[in-house]
Each structure stands twice: as C-alpha cells, then as structure tokens.
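Under the numbering used here, think of the first position of the sequence shown as 367, with each following residue one higher. Let me begin by presenting the structure, written as structure tokens, before commenting on it.
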Amino acid sequence: MGLSEAPGERDTQALLPTTQAMELRRRNYHVERPLLNQEQLEELGSRSSAAGTLQWRTWFRCSRARARALLLQYLPVLAWLPQYPVRDWLLGDLLSGLSVAIMQLPQGTFAIMSVMVGSVTESLAPDEAFLQASNSTVDVAARDTTRVQLASTLSVLVGLFQVGLGLVHFGFVVTYLSEPLVRAYTTAASVQVFISQLKYVFGLHLSSRSGPLSLIYTVLEVCWKLPETVIGTMVTAVVAGVVLVLVKLLNDKLRRHLPMPLPGELLTLIGATGISYGVGLQHRFEVDVVGRIPAGLVPPVAPSPQLFAKLVGNAFAIAVVGFAIAISLGKIFALRHGYRVDSNQELVALGLSNLIGGIFQCFPVSCSMSRSLVQESTGGNTQVAGAISSLFILIIIVKLGELFQDLPKAVLAAVIIVNLKGMLKQFTDICSLWKANRADLLIWLVTFLATILLNLDLGLAVAVVFSLLLVVVRTQLPRYSVLGQVPDTDIYRDVAEYSEAREVPGVKVFRSSATMYFANAELYSDTLKQKCGVDVDHLITQKKKLLRKQELKLKRLQKQNKLPKQAAASKATSISINVNTSVADIESNDVEGSKAEQVSAGTELEDIAARGQEDAKAPDMSSLKALGLPQPDFHSLILDLSSLSFVDTVCLKSLKNIFRDFREIEVEVYMAACHSPVVTQLEAGHFFDSSITKQHLFASVHDAVIFALQHPRSDPINPVLATKL
C-alpha cells in the first residue's frame, strides 16, 4: 500500500502563503518623521565633532593601573597562575605535557623552521668547505661546529627581530594573512618537508640546494638516484611508518578508554634503537644512524657579530615565517575555545624564546601543528603542559640522549612523514574552495605554487603581495547597480536582481558595492554615465558647440553694425574734398544711402536685443530643449554612498565632476546615506561650497528620492538652496 497524504495536509499547504502574508502584516511598523538632509540631521541630532586623542600622549602617562596592565601584558603568567584550578586542570596538563614531550624527542620542534635553518647552514657551511687534504673526507667535527654557530647566531637575530617587531606593534600584519593563504603555505611547507626526508628514506646522498627551484632540482635528483637506494634503509623506514600508522589508528579507536594516547613515537623510537643496536643495522645493512649525541647542556656563548651581515636577510624571513605559523595556529585554537590572541604579545614571547635560546646554542623555533593538536586532544589547558614537556625534554638531554646513538635516521624520517598527514590533508581545500569562493582558491593556488617554486621566504612574500593585489582588483571591479524601490517600502534594491523593484520615474539611484578611491574613481564615473543610459560627455560637447555658434553669430552681427558707421565717415570725407559735387547731390544721394544702411543695421541689432529681452522672460535659450538636443528621461540623480568607508582627494574631485557634468545636462545630483566619518572627511576636504551644500546630502536614499520628486527641476543658478523643508 502506497503512502497517502493526511486529509488536511493539502489545505494546510494552500493556506501557508496566506499565513505568511498575515504574519508579515502583523510585523508591519509605521514611522512618521520629517524629510532630512544632512544639515537638518546634524541640527536635529546635535552633531559635534568627536574629540580626537593623540596616541602619543597616552604613552607617557604613568599610574599604578597602567603599570599593572603593562606587567600583565608582557607577563601574562602572573594573571592566570594564581587562579590555576589544580584539581580540574593539573592531571590534563600533566598527561598532555608528557605526550608532547614523547613526540618531541625524535625530531625538531617545527619541521618547516628546521628546513629553513638547515638550508641556511648548508649553504653557508657546505661539506665541500671542510674537505681534508689528506684523504678528501669531510671534517665532520669542524663542519658541525661551524653550523651550530651559524644556527645559534641566526636564532639570536631572529629573536631580536621578533622582539623589536612586537614592541613596535608589528602584529597588525596578521590581518593580511588570510586563512586560505596560511593553509596553502603550510601545505606547501609540508610538501617541502616531505621531499627533504626522502633522502633518509631511500638512503641517498644528495647535494645541498637552496633558493628558487631548489625543491624541483631535489625531486629530479631523487628520481635520478633511485637506483642507488639502500634496501635496508628503505625497509626500515617503511616498517617504522606502518607501526606508527597502526598505533595512531589504535589510538583513534580506543580514545574513550585511554587516559592518554599510546606513545607510538616513543615506542617506535625505543624499538628501532634496540633492533638497530642488536642486529647491527649500520654495519650489516648500511643503514645510517644518528651517531654520537653529546649529553648535557652546553655553556652559553655570545653570538658572532661577524655573521650578522650574512644572516640578516634569512633571519628576517625566518622571523616572519615563524610568527605567521604561530599566530595562525593561535587563532585557530582561540576561535575554538573562545579567547583572544594578542599578536604583539605572541611576537615578543616567541622572540624572547629564540633570543635566549640562541645564546645557549639553540636554533630558531616556532610552534608545531601536530604537537599543538596533541596537547589539546590530550587535555592540555594552560602553559603548565608546556612547562612539563620542557622539563621532561631537559631530562632526556642531560641523561638519556646518549642512549639513542644507534637510532636509524630512516625512523626519524618516517616519524616526520607520518605526522605530516594532517597538513597534507589540506589539499582537500581545493575542492571546498572551488565550490565556496574562487578568489580564495586563487590565493590558495598562488601561495602554494610560489612557496613550492621559490622556497618558504620568497613564497610568503609573493603570497602576501598577491592577496593584497587581489583586494585592490576587487575594489577596482565592484558591482555597480541602479536601484529601484521595493513596492510599499522605503527599501531600494538592484533592479537587475529584484524583479519587483521599480525605478522611481524621473529619478536615478546609483550605488557601488565598494568604496570609491583613486584606483576606481574613474571607473565609477564611467559606469555611472553608462548605467544612466545617457551619453553625458557627448551631450555636453554638442551643447558647447551650439552655444559657441550662437556666440560667434552674435559677434558677427555686432561687427556688421560697426562697418556701416565706418563707411559713412569715409563718404563724408570724400564730400569735403570733391568740390565739383553739389550739396544737393550729397544730401539727396550719399547721405540718404548711408542713413538707410545705418537704420537697417540698427534695426537688426534692436531685433536681437528684443529677442534677448524676450528670452529673459521666456525659457533659457541655452537649455537642451532650446538648442534642440535630447533631454535625459530623469531629472534627478541620487548617489547611494553607504558603501563609502573613506574618501581621498581623487574621490572628492570625481564627485565634484559628477555634480558639474550632470548639471550641464540639467540633472540635479544628490547624495545619500553617508557615514559620519565620511562626512567629516568631506568637510575637511572642502567639498561643500556655495553650489554643493549639505542640503544635497540626505540621511537615506528614500529621503533623497522624496525630495527629488518634490523638486523635479531646480533653478540652475541656485539649486535647492532656496528650498526650505
């Protein structure tokens, strides 16, 4: 038996539109207010200029509250540690810290930063510079000492840059790092890290490269040397990778039943080290191992100032990249847990870590996505988890590090590659962005390709510049609309989008979806004239030509009026010289003829003057109608300026030109819906004068439309000014 509708279902569906209409009528509201232009609105609302305070004055103010705020800003631990709920958060922070420490043991803190630092040290201290003359082998000890000095000096420089940028509030640049840019950048960086580990997976010896296209050359070299793969090394990497994946899958299934995830990295590390030591992977199967790991902490060493000039460019790039990654992850977790990240505070904290660490011969660091996710998922709540993790790592460095000398490098590479899985999944952004936003997809693709081809530092610069250029292009190509009134409302919408919206007869309402400034002001004016359906420039040109012809004609007639007077004077002279001519002949012929010519010329000028007096009473002879030119089908133009967020000098000039041009074709221009800061900028730019006043600016589009309908044709000499509402 098939499904059947309930008896009253069809009736309910039929009554649904009626119910919605009744609900809309029930929500109706009625407002009565006077029609307001900007001048009346300021008087009604008692507008006053906002008192601006100079920022530099607050820098020198000193008080107990300000000192406490500054202290808590740069030492936030003093704010949250006294209120730390030990019973609720300590166990989670403890388990989280141990988990992160276990992940931290087999690799560097952040793979992307490690690759950037490694490329710098390898380029400035290559193996070829440490060849021994006796047997042409590399002096590993001297090479590593030089590279450590380079890395530690680089860390000090990075820290100085980050602290300095944080103190001058450089954190505002975070606003230019959009989510598609950050995700594409981290995806490209993960690809670079993945490729950098291939030589350890296959046991290959590759030449060190840096700079643009270095990644492409590395891939080609790996493919070229694949026949030289060490089978034992590749098998070790594959086995370690499979074990790690299985442990992660087991953790996902037993997540609810385990107090903390199984330490897959640590188990793999211990197992691989034991097998390597027992079986002798290095000697029997030519598997590369970590080698000697010095135990204990090294004494602090001052950085080498001689290296600053060589490292300053790379240091700034690494400082910006590290900060970009850190603040991006911080924003992700801030949105997830409902707090706010202070970008300048993060910059100072990261810089101090690198600055102090560099003195103790550390290399530059940043945060890691995989470890941050582990810390969150295992119950980490505060920086106590980080402190526990650091303490555990310190114990390993001091006492336990020497136990891992036989750890195969292939296992470390497998750990890094497996933990890149989350970043590599970001390739799915391409499909989602294709459906959601093509412009963001373009940013994603450009960022990814630039980072892959040009390396991390230049890639980030290209990505930021491209995203800013795309913003400029978007503002240069906004959506321009002619608005119509939605029936029985004061709402105006695009007539091309809303079929029920109707243009008000005699009034054109124009709006741009973006603010008007120097980059799109000319396009705004051109599109306005095009949307209005009138060739404004051609009409003005024709009008000027006809007016010029009238002026020339008048001058020609005036010139003809002077010529008869000169002819009469010359004939009078000839009369006095010609003694044979009688006075009667002169009086009867020449004098009468000259008088007749003067009378005819004077009559023509009198006719012109009479016509001029009649024209003063009649309609203006310089109007489009009198000149025989077509008139626009609208008498008023309203510019909806609600999208304007600021105005520059080019915008001011463009608006003045719009007023001038449309008044030339007998169309009055009004503005509507201007925000108060924009009005202030218009005043500061001396936009308002005797011809364009605040009476041309209305509180809303509807106010301007009503006024335009009440005053369809304004006096061209004194438009609107004499009107009192």
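Don't be surprised by glycine CBs; every beta carbon is placed ideally from N, CA and C. All values derive from a computational prediction rather than experimental measurement.
For F726, I'd like the list of residues in its chain whose CB is within less than 6 Å of its CB, leaving aside the five on either flank, ordered along the chain. Here the set comprises P666.
What residue range does the alpha helix (DSSP H) around I1097 cover? Shown here, the chain extends from 367 to 1091; a query on residue 1097 therefore has no answer.
The alpha helix (DSSP H) with M882 in it runs from where to where? From DSSP, M882 is part of no alpha helix (DSSP H); its letter is neither H nor E.
By alpha-carbon positions, which one of K676, E1032, F527 ends up nearest to L713? Closest by C-alpha distance to L713, out of K676, E1032, F527, is F527.
Beta-carbon proximity of S891 to S1002, cut-off 8 Å: Result no, Cβ atoms of S891 and S1002 do not sit closer than 8 Å.
For A1038, list the residues DSSP reports as bridge partners. Per DSSP, D1006, F1064.
Report the three-state DSSP secondary structure of Q1076 (helix, strand or coil). In this structure, DSSP gives Q1076 a helical state, which the three-state scheme calls helix.
Using 8 Å as the limit for Cβ to Cβ distance, is R430 near chain B? Considering every chain present, this structure includes no chain B. It has just one protein chain.
Provide the residue span of the alpha helix (DSSP H) that contains V848, from first to last. No alpha helix (DSSP H) holds V848; the beta strand (DSSP E) holding it covers 846–851.
Give the straight-line distance between the Cα atoms of T969 and Q916, rounded to the nearest whole angstrom. Only weak support exists for where T969 lies, its pLDDT of 46 falling under 50; the value from the coordinates is given anyway. Between the alpha carbons of T969 and Q916 lies a gap of roughly 19 Å.
Hey, how far is the Cα of S562 from the Cα of M600? If you take the alpha carbons of S562 and M600, they lie about 15 Å apart.
Quick check on I582: buried or exposed, where buried means 16 or more other Cβ atoms within 10 Å of its Cβ? By the 10 Å Cβ count, I582 comes out exposed.
Under the three-state DSSP convention, the category Y583 falls into: In the three-state DSSP reduction, Y583 falls in the helix class (H, G or I).
Going along the chain, which residues of its own chain have a beta-carbon closer than 6 Å to the beta-carbon of L1018, five neighbours each way excluded? So the list reads G1051, F1053, once near-sequence residues are dropped.
In whole angstroms, what is the alpha-carbon distance linking E972 and L995? The pLDDT assigned to E972 is 43, lower than 50, so where the model puts this residue is not dependable; a value taken from the coordinates is nonetheless given after this. L995 has its alpha-carbon roughly 28 Å from the corresponding atom of E972.
Apart from the five residues just before and just after R575, which ones in its own chain have a Cβ nearer than 7 Å to its Cβ? Cβ within range, chain order: Y583, T584.
Rounded C-alpha distance that separates F1012 from T1046: Their backbone Cα atoms lie some 10 Å apart in a straight line.
Helix, strand or coil at K874 [DSSP, three-state]: DSSP places K874 in the strand class (E or B) of the three-state scheme.
Please report the straight-line C-alpha distance between L807 and P546, rounded to a whole angstrom. Linking L807 to P546 through their CA atoms gives a straight-line distance of about 7 Å.
Where V1033 sits in the DSSP three-state scheme: Looking at V1033 - three-state DSSP - the assignment turns out to be coil, as it is neither helix nor strand.
Using DSSP with H/G/I as helix, E/B as strand and the rest coil, what is Y705? Assigned with DSSP and collapsed to three states, Y705 falls in coil, not helix or strand.
In three-state terms, what does DSSP make of Y858? In the three-state DSSP reduction, Y858 falls in the strand class (E or B).
Cutting at 6 Å between CB atoms, please list the residues of its own chain near A1070, excluding the five before and the five after it. I1004, Y1036, A1038, F1064.
Using only alpha-carbon positions, find the residue among R434, L647, S738 that is nearest to N785. Selected option, being the one with the closest Cα: S738.
With distance defined between alpha-carbon atoms, name the residue in E1049, N617, L441, I693 nearest to T552. T552 has its Cα closest to that of I693, out of E1049, N617, L441, I693.
Mapping DSSP to helix, strand and coil, what is N803? Three-state DSSP puts N803 in coil, outside helix and strand.
Contact the region 633–640 vs the region 602–610: 3+ CB pairs below 8 Å: These segments touch.
Whole-angstrom Cβ separation of V486 and L516, contact assumed at under 8 Å? That belief holds up - the Cβ atoms of V486 and L516 are roughly 7 Å apart, short of 8 Å.
Candidates A880, V848, N927: closest to R868 by CA position: Cα-wise, what sits closest to R868 is V848.
List, from N- to C-terminal side, the beta strand (DSSP E) runs of 3 residues or more that fit wholly inside the region 533–575. The qualifying runs do not exist here; there are none.
Kindly indicate which residue of F536, H396, Q404, R399 has the alpha-carbon position closest to the one of S1042. Among F536, H396, Q404, R399, the Cα nearest to that of S1042 belongs to Q404.
Apply the 10 Å Cβ neighbour rule to E888 and answer buried if 16 or more other Cβ atoms are within range, or exposed otherwise. The C-beta of E888 has fewer than 16 other C-beta atoms within 10 Å across all chains shown, which makes the residue exposed.
Which stretch, first to last residue, makes up the alpha helix (DSSP H) that contains R434? Element bounds for R434: 430–440.
Length of the line joining the Cα atoms of R658 and A507: CA-CA distance, R658 to A507, rounds to 11 Å.
If the criterion is Cβ atoms closer than 8 Å, does the pair L520 and A690 meet it? Not in contact: L520 and A690 (Cβ atoms no closer than 8 Å).
Grab the span of the alpha helix (DSSP H) containing Q771 for me, first residue to last. Per DSSP, Q771 lies in no alpha helix (DSSP H) and is assigned neither H nor E.
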